[in-house]
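Trainee: Chains W and Y, in that order, give the protein sequences.
Heads up: the first sequence begins at 893 in our numbering, then just goes up one per residue.
Heads up: the second sequence begins at 893 in our numbering, then just goes up one per residue.
Protein chains: 2
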Amino acid sequence: MSNKAVYTAVAERPTTFDDIRKAAERIAPYVHRTPVLTSSSLDERFGGQLFFKCENFQRIGAFKARGATNAVFSLDEERAGAGVATHSSGNHGAALALAASLRGIRSWIVVPTDAPVVKSESVRRLGANFVSCEPGLANREAALEKVLADTGAEMVHPYNDWRVIAGQGTAAMELLEDQPELDLLMTPVGGGGLLSGCAVAAKAMRRGIEVIGCEPAGADDAQRSFRSGELQAMPNPRTVADGLRGALGTRTFAVIRTLVDDIVTVSEDEIIAAMRLVWERLKIVIEPSCAVPVAALLSGAVRLDGRKAGIVLTGGNVDLDNLPWR
Amino acid sequence: MSNKAVYTAVAERPTTFDDIRKAAERIAPYVHRTPVLTSSSLDERFGGQLFFKCENFQRIGAFKARGATNAVFSLDEERAGAGVATHSSGNHGAALALAASLRGIRSWIVVPTDAPVVKSESVRRLGANFVSCEPGLANREAALEKVLADTGAEMVHPYNDWRVIAGQGTAAMELLEDQPELDLLMTPVGGGGLLSGCAVAAKAMRRGIEVIGCEPAGADDAQRSFRSGELQAMPNPRTVADGLRGALGTRTFAVIRTLVDDIVTVSEDEIIAAMRLVWERLKIVIEPSCAVPVAALLSGAVRLDGRKAGIVLTGGNVDLDNLPWR
């Protein structure tokens, strides 16, 4: 399938595997090469072999450190000098704040008042300029516009940015370096930065690998976009997976419609059950968004049938006073 | 200091480092070599370098798999044929049930009705003969006596057994293989199986290493025994650290008084704060007992002063519906 029209519309060169390799070199001094965990009890339960890439152990507790760090360290001296800015209710804000502090430049993070406390506190701790705004995309964008106009900072979008997409793709690159014989790769999909970057890496590194995006049914714009071939809006997302409420962007959609094999959806109950299952069996802390691919196995939306599957566990920033099974 | 009298009293050869090396070979096919995690934020906070040996990722979710597996696979065919038995409110029961099923022999586990549900369910799932009894040491021992009389099974004590002590010591052996330059090793101490086995390994492998046992103030028999030089009882332990309510045994005390450098105690609030800190920073699930060495750092009972310290994170079996900070 050609997606030339989409690429032309954004008038830029989309991320290649070479960009991902360069991103990996660029960010190596600043982010962790995260471990890959396995679980014999989960392998038995799901009838295959699972390899969990633990981005919950990444700096700031999420894969977002990869993309933000690649974007910040891609800037030339002059643009970096003006600082960076974004709006975020979650891990991207902390990731950009960290990357900016590592480079020694300023950052402004617009954070809506309904952001999870654990995530907004992380932004404050990392020394960013914290800009509070009312909830809702329009308010967030208006507040960010004002910051950009006032400061001249460089906008780093949480996902619809080739530098960010290339950075996120390094997660799949590392996983396939450690486990070259994967038959299947699963990631959550919200805005699509992780899924698109990982799809580029996986399809370049492993012939015939299947790449599946996993999405909450209450925020199913990616599945609708993928199936219709047209970018669909997500006006009123309803899901406990707070990291997956965003909608695909033009760039992430362009990659996903070309390289991804399928997008499946799961219910809220399945997400919570999967989150708890990972805590109990892998003994690691993951956030709800992170559990969505495991939920797709629990629900039967994806079947392993003896295959080797990689799952990117995206993050572990969860409010321990408000666990979803309470 | 000589402890010949104590060794003579138990009339057996105490665990040597060679026993631990043999145990490591014996159990290697059945247990995990667990990873060692680090955290730059915790290193900064505590002023040193910390290496966490993650036995919460061990089979059955705790280091107890090591000792029980070594005991079960040390039995000759005839003794193994009669099966094994123990009483346990916690991880040792699941560990012995697993080891017996791996060897294909029968097991009987006496479990008091006040055992944590997460731990007793694990015993059931592993196919042991589950023998329920009323709480309290006397009831547990009486129920176990009856099982032993009825079945002829081999008793495998949770800690006061040289085979178990040697198995637990493999945790420190692996940690020092991975990080040979440790200045300090910290473990929790309840019955003392882990602390004594790890002390034998650490003192054999690393000249001058300091070994510190960490204990809840509400179950401080090990500290009192260590300081007085006489084995002290712990009639009424009160601590959230359910794995550390047991008292030292004759064998574990014999090793600890000789090889361990100090035993420190921590409060309940410090244990809970340390448990939460590990969940938040390391993104891993640990049980309260497991947090006690970190609590000793939080309280200042142990200071790193720039040193490299190994901590055995002992287990991750926690009831997710009853977290201690609720």
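Cβ coordinates follow ideal geometry from the N, Cα and C atoms, glycine included.
#1: From W/Gly1085 to Y/Thr930, what distance separates their C-alpha atoms?
#2: Going straight from the alpha carbon of W/Arg1137 to that of W/Gly940, what length do you get?
#3: Tell me the rounded alpha-carbon separation between W/Leu1029 and W/Ile1178.
#4: List the residues of chain W that Y/Leu1212 touches, going by C-beta distances under 8 Å, in chain order.
#5: Can you give me the Cβ contacts of Y/Met1047 inside the same chain, cut-off strictly under 8 Å, excluding the 5 residues immediately before and after it?
#6: Using a C-beta cutoff of 8 Å, does Y/Phe943 count as contacting chain W?
#7: Thinking W/Asp1070 and W/Val923 are a contact (beta carbons under 8 Å), I'd like their distance in whole angstroms, please.
#8: Closer than 7 Å, Cβ to any Cβ of chain Y: which residues of the region 906-933 of chain W, in chain order?
#9: Is it the case that the Cβ atoms of Y/Ala1094 and Y/Ile1101 are separated by a distance below 8 Å?
#10: Can you tell me whether DSSP reads Y/His979 as helix, strand or coil?
#11: Under the assumption that W/Asp1161 contacts W/Ala1139 (Cβ atoms under 8 Å), give the Cβ distance between them as a whole number of angstroms.
#12: Pull up the distance between the alpha-carbon of W/Ser981 and that of W/Ala987, whole angstroms please.
#13: For the region 1091-1155 of chain W, list the beta strand (DSSP E) runs that are entirely contained and at least 3 residues long, ordered along the chain.
#14: Spatial neighbours of Y/Ala897 within its chain, please: CB distance less than 7 Å, with the 5 preceding and 5 following residues excluded, ordered by chain position.
#15: Between W/Asn983 and chain Y, is any beta-carbon pair separated by less than 8 Å?
#16: Taking C-beta pairs closer than 7 Å, name the residues in chain W that Y/Asn948 reaches, listed in chain order.
#17: Whole angstroms are fine: how far does the CA of Y/Val1056 sit from the CA of Y/Thr908?
#18: With a threshold of 8 Å between beta carbons, is W/Thr900 in contact with chain Y?
#19: Keeping to the same chain, check which residues put their C-beta closer than 7 Å to that of Y/His984; ignore five residues upstream and five downstream.
#20: Which residue or residues does DSSP assign as beta-bridge partners of Y/Leu1077?
#21: Count the other CB atoms, across all protein chains shown, that sit within 10 Å of the CB of Y/Ser933; report buried if there are 16 or more and exposed otherwise.
#22: For Y/Glu947, count the other beta carbons within 10 Å of its own beta carbon; 16 or more makes it buried, fewer makes it exposed. Which is it?
#23: Would you kindly work out how many angstroms separate the C-alpha atoms of Y/Gly1207 and W/Glu1122, rounded to a whole number?
#24: So with Cβ pairs under 8 Å, would you call Y/Asn895 a contact of chain W?
#25: What residues in its chain sit with their C-beta under 6 Å from that of Y/Gln950, if we drop five residues either side in the sequence?
#26: Can you tell me whether Y/Thr900 is buried or exposed, with buried defined as 16 or more other CB within 10 angstroms of its CB?
#27: Check the DSSP bridge columns for Y/Met1047 and list the partner residues they point to.
#28: Can you name, in chain order, every residue of its own chain whose Cβ lies under 8 Å from the Cβ of W/Gly1164, other than the five neighbours on each side?
#29: Taking W/Arg933 as part of the alpha helix (DSSP H), name the residues at either end of that continuous run.
#30: Y/Asp1211: which of Y/Glu970, Y/Asp1134, Y/Arg918 and Y/Glu1073 sits nearest, CA to CA?
Mentor: So, from the listed chains and residues:
#1: Rounded to whole angstroms, the separation of the alpha carbons of Y/Thr930 and W/Gly1085 is 28 Å.
#2: Cα to Cα, W/Arg1137 sits roughly 30 Å from W/Gly940.
#3: Here the alpha carbon of W/Leu1029 sits roughly 26 Å from the alpha carbon of W/Ile1178.
#4: Residues of chain W passing the Cβ test: Arg1168, Trp1171, Glu1172, Leu1215 and Trp1217.
#5: Listed in chain order, the non-local C-beta contacts of Y/Met1047 below 8 Å within the same chain comprise Val976, Ala977, Thr978, Leu1036 and Leu1040, local neighbours out to five positions each way being set aside.
#6: Judged by the 8 Å Cβ criterion, Y/Phe943 is not in contact with chain W.
#7: About 16 Å separates the CB atoms of W/Asp1070 and W/Val923; that is not less than 8 Å, and the two are not in contact.
#8: For the region 906-933 of chain W, the set of positions with a beta-carbon nearer than 7 Å to some beta-carbon of chain Y reads Pro927 in chain order.
#9: Their beta carbons are under 8 Å apart, which means Y/Ala1094 touches Y/Ile1101 by this criterion.
#10: In this structure, Y/His979 counts as strand in the three-state DSSP scheme.
#11: No, W/Asp1161 and W/Ala1139 are not in contact; Cβ-Cβ is about 23 Å, not under 8 Å.
#12: For W/Ser981 and W/Ala987, the distance between alpha carbons rounds to 12 Å.
#13: Fully enclosed beta strand (DSSP E) runs of 3 or longer: 1102-1108.
#14: A caution first: Y/Ala897 carries a pLDDT of 42, below 50, which makes its placement in the model too unreliable to give a value.
#15: It does not: the Cβ of W/Asn983 has no partner Cβ on chain Y nearer than 8 Å.
#16: Correct list: Lys1175.
#17: So the two alpha carbons sit approximately 12 Å from each other.
#18: Because the pLDDT of W/Thr900 is 43, which lies under 50, any placement of that residue in the model is unreliable, and the number read from its coordinates should be weighed accordingly. With 8 Å as the cut-off, W/Thr900 does not count as an interface residue toward chain Y.
#19: Excluding residues within five positions, the ones whose Cβ falls inside 7 Å are Lys956, Ala960, Thr978 and Pro1050.
#20: Beta bridge pairing from DSSP links Y/Leu1077 with Y/Val1103 and Y/Gly1202.
#21: Exposed, because fewer than 16 other Cβ atoms sit within 10 Å of the Cβ of Y/Ser933.
#22: It is buried - the Cβ of Y/Glu947 has at least 16 other Cβ atoms within 10 Å.
#23: A direct Cα-to-Cα measurement between Y/Gly1207 and W/Glu1122 gives close to 49 Å.
#24: Summary for Y/Asn895: the model assigns pLDDT 40, below 50, so the residue's position carries little reliability; its value from the coordinates is reported in the next sentence. Taking Cβ atoms only, chain W never reaches closer than 8 Å to Y/Asn895, which makes this a no.
#25: These residues qualify, in order along the chain: His924, Thr926 and Ala957.
#26: Note that Y/Thr900 has pLDDT 43, beneath the 50 cutoff, so the model's placement of it is unreliable and no number is given.
#27: Y/Ala977.
#28: Before going on, a small fix: residue 1164 of chain W reads as Ile here, not Gly. Val1132, Pro1180, Ala1183, Pro1216 and Trp1217, listed in sequence order.
#29: Looking at the sequence shown, residue 933 of chain W is not Arg but Ser. Its alpha helix (DSSP H) spans residues Ser932 to Phe938.
#30: Nearest of Y/Glu970, Y/Asp1134, Y/Arg918 and Y/Glu1073 to Y/Asp1211, Cα basis: Y/Asp1134.
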